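Working notes for the structure below.
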Amino acid sequence: MFAAENGLKGDPRLEAISAAIRVVPNFPKKGIMFQDITTLLLDHKAFKHTIDIFVDRYKDMQISVVAGVEARGFLFGPSIALAIGAKFIPLRKPGKLPGKVISESYELEYGHDRLEMHVGAVEPRERVIIIDDLVATGGTLSAAMSLLESQGAEVVECACVIGLPEVKGQHKLKGKPLYVLVEPSGLEFC
Amino acid sequence: MQTIIISPLVSPRLCLVSPLVPRNQFLNNHHRAPPSIRLSNHRSTTSLRLFSSAAASRDSEMATEDVQDPRIAKIASSIRVIPDFPKPGIMFQDITTLLLDTEAFKDTIALFVDRYKDKGISVVAGVEARGFIFGPPIALAIGAKFVPMRKPKKLPGKVISEEYSLEYGTDTIEMHVGAVEPGERAIIIDDLIATGGTLAAAIRLLERVGVKIVECACVIELPELKGKEKLGETPLFVLVSSAA
Numbered sequence: 001m002f003a004a005e006n007g008l009k010g011d012p013r014l015e016a017i018s019a020a021i022r023v024v025p026n027f028p029k030k031g032i033m034f035q036d037i038t039t040l041l042l043d044h045k046a047f048k049h050t051i052d053i054f055v056d057r058y059k060d061m062q063i064s065v066v067a068g069v070e071a072r073g074f075l076f077g078p079s080i081a082l083a084i085g086a087k088f089i090p091l092r093k094p095g096k097l098p099g100k101v102i103s104e105s106y107e108l109e110y111g112h113d114r115l116e117m118h119v120g121a122v123e124p125r126e127r128v129i130i131i132d133d134l135v136a137t138g139g140t141l142s143a144a145m146s147l148l149e150s151q152g153a154e155v156v157e158c159a160c161v162i163g164l165p166e167v168k169g170q171h172k173l174k175g176k177p178l179y180v181l182v183e184p185s186g187l188e189f190c
Numbered sequence: 001m002q003t004i005i006i007s008p009l010v011s012p013r014l015c016l017v018s019p020l021v022p023r024n025q026f027l028n029n030h031h032r033a034p035p036s037i038r039l040s041n042h043r044s045t046t047s048l049r050l051f052s053s054a055a056a057s058r059d060s061e062m063a064t065e066d067v068q069d070p071r072i073a074k075i076a077s078s079i080r081v082i083p084d085f086p087k088p089g090i091m092f093q094d095i096t097t098l099l100l101d102t103e104a105f106k107d108t109i110a111l112f113v114d115r116y117k118d119k120g121i122s123v124v125a126g127v128e129a130r131g132f133i134f135g136p137p138i139a140l141a142i143g144a145k146f147v148p149m150r151k152p153k154k155l156p157g158k159v160i161s162e163e164y165s166l167e168y169g170t171d172t173i174e175m176h177v178g179a180v181e182p183g184e185r186a187i188i189i190d191d192l193i194a195t196g197g198t199l200a201a202a203i204r205l206l207e208r209v210g211v212k213i214v215e216c217a218c219v220i221e222l223p224e225l226k227g228k229e230k231l232g233e234t235p236l237f238v239l240v241s242s243a244a
């Protein structure tokens, strides 16, 4: 669900966040209007609003784990985890995490990729939120959910800064709630 | 000047159970390196031990100059060592266990924030990917921008890039054009400094666009690899110094 439909309608922070996101056309390939959150990170106030909105939402939900998807999930997840007193767990591309890992594969437009998590990072029945910068098809988040659920954790919600049109109207991803702050920034670009 | 050497954690802990090294046992086991004498360069890594005197003046409970910040022991013991990763002979310093220890992670960020908050830093640059974990919380707390420094082709739009040497071959680090402005004051964050190649490239990238790098900051240093020698005039600050 979009934040504006869920208690934050008219919140000026959402507009500031949306305005801070830059659109780069034809990246990584022709036809894709890439939602670039690096400009959000350069805008200290808007970045802080982003974290504050997530923290306000999750701080009283007994969340003990924030899982972030490499690499842009790492930009948002740890700050949220620190503010709500949760552990941060990085979900990474293959071969990056040392020691024992479990992995889950997911589909790309062409081919597959894999996501890994450390064995023992999360304990059964821990309450988890999963963070990424953007949700498009939901493939990556679904793989992340599978990893966490395979260890007995409860995924409470998936949370992203940006949600592409495919997810608008969908409130759930694989049966779990999906919380998104903004739609893609307008197609005026620099 | 001395750099504290944390007693190597000899038995690698291969499970993610919070390490149960009692804090006082840890402190009894550490040993200090003899002062190093450098012929041409008297700089050395600043580690938290050297700041104990600053802490002593701030906090009347710190009795002597020799007392290390008590948070350091917990941070050091929360880092897991994985032998032979990514290849045989390498003792990998795994900070993911630090991220699972909410107090240790909070303390890590607090130590950096306390150091940089009143230094007019407007840019925190973080090296992909583990620099992305520590950099943004610091940036948010000190009111600075966060600038990601990434592997090639990850950043959309116009970038500048800098090549650096690996053991075999080279790699490249990139930054967005326009992310920083000339005259800005920056710190560069990564989880660990080994040979210093990546950080040196990051310094060059930022200096090319007129930014002043106040300091490089890492959680861990591997001093035997002499990474700080690659950093030129830029100071290095670390929390934990780990003998191989």
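Those sequence lines, one after another, are chains A and B.
The numbering of the first sequence is UniProt numbering, which starts it at 1 and goes up by one.
The numbering of the second sequence is UniProt numbering, which starts it at 1 and goes up by one.
A virtual CB, placed ideally from N, CA and C, is assigned to each residue, including glycine.
What you are looking at is a predicted structure, and each value in this text was computed from that prediction instead of being measured.
In the DSSP assignment, B/Arg185 falls outside any alpha helix (DSSP H) and within the unbroken beta strand (DSSP E) covering Arg185 to Ile193. For the 7 Å CB-CB criterion, A/Arg72 and A/His49 do not form a contact. A/Ala16 sits in a helix when the DSSP states are folded into three classes. If you draw a straight line from the Cα of B/Lys226 to the Cα of B/Ala202, it comes to about 17 Å. One finds Arg22, Val24, Phe27, Phe34, Asp36, Thr38 and Cys190 in chain A with Cβ atoms closer than 9 Å to the Cβ of B/Gly157, taken in chain order. In terms of Cα proximity to B/Lys228, the closest of B/Val123, B/Leu199, B/Ala243 and B/Leu239 is B/Leu199. Proximity of A/Pro98 to chain B, defined by a Cβ-Cβ separation below 7 Å, is satisfied. Taken through DSSP and simplified to helix, strand or coil, A/Phe27 comes out as coil. Flagged as an interface residue toward chain A: B/Pro137, by a C-beta distance shorter than 7 Å. DSSP places B/Phe105 within a helical segment (H, G or I) once states are collapsed to three. Rounded to the nearest angstrom, the gap between the Cα atoms of A/Lys29 and B/Pro152 is 15 Å. Contact annotation for A/Leu115 against chain B: no contact, minimum CB-CB distance about 14 Å [criterion: below 7 Å].
Residue pairing by DSSP puts B/Ala125 in a beta bridge opposite B/Val147 and B/Ile188.
Looking at the DSSP output, A/Met117 sits in a beta bridge with A/Ile102. In terms of beta-carbon proximity, A/Pro78 lines the interface with chain B, with at least one pair separated by less than 7 Å. Secondary structure at B/Thr234: coil, using DSSP grouped into helix, strand and coil. Rounded to whole angstroms, the Cβ separation of B/Met149 and B/Glu128 is 6 Å, and the two are in contact under 8 Å.
In this structure, B/Ser161 sits near B/Thr172, with a CB-CB distance shorter than 7 Å.
Shown here for B/Pro182: same chain residues with a beta carbon closer than 8 Å to its own, the five before and five after excluded, namely Val209, Gly210 and Val211 in chain order.
Residue state for B/Pro137 is assigned as helix, using DSSP reduced to three classes. If you ignore the 5 residues before and after A/Ala16, its C-beta comes within less than 8 Å of the C-beta of Asp43, Lys45, Ala46 and His49, all in its own chain and listed in chain order. With a contact defined as Cβ atoms closer than 8 Å, A/Phe74 and A/Ile51 miss out at about 13 Å. Counting the other Cβ atoms within 10 Å of the Cβ of A/Tyr110 gives fewer than 16, which makes it exposed. In chain order, Ala129 make up the part of chain B whose C-beta sits under 8 Å from the C-beta of A/Glu70. Nearest CB-CB separation between B/Lys145 and chain A: below the 7 Å threshold. Taking a cut-off of 8 Å for Cβ pairs, the stretch 110-126 of chain B and the stretch 87-97 of chain B do not touch, as fewer than three such pairs fall below it. Put simply, the CB of B/Asp94 is near chain A, with a gap under 7 Å to one of its CB atoms. Put simply, the backbone Cα of B/Asp69 is about 19 Å away from that of B/Leu99. Non-local C-beta neighbours of A/Tyr106 in its own chain, meaning closer than 8 Å and more than five positions away in sequence, comprise His112, Asp113, Arg114, Leu115, Gly139, Thr140, Ser142 and Ala143, ordered along the chain.
Ranked by Cα distance from A/Asp132, the options A/Arg57, A/Ser103, A/Val69 and A/Leu8 are led by A/Val69.
C-alpha of B/Leu206 to C-alpha of A/Lys96: approximately 27 Å in a straight line.
For A/Met61, there is no enclosing alpha helix (DSSP H), as DSSP gives it neither H nor E.
Annotation: Cβ neighbours of B/Lys106 in chain A (cutoff 9 Å, chain order): Leu82 and Gly85. Chain A has a Cβ within less than 7 Å of the Cβ of B/Ile133. Listed along chain A are Pro98 and Gly99, each with a C-beta nearer than 9 Å to that of B/Phe85.
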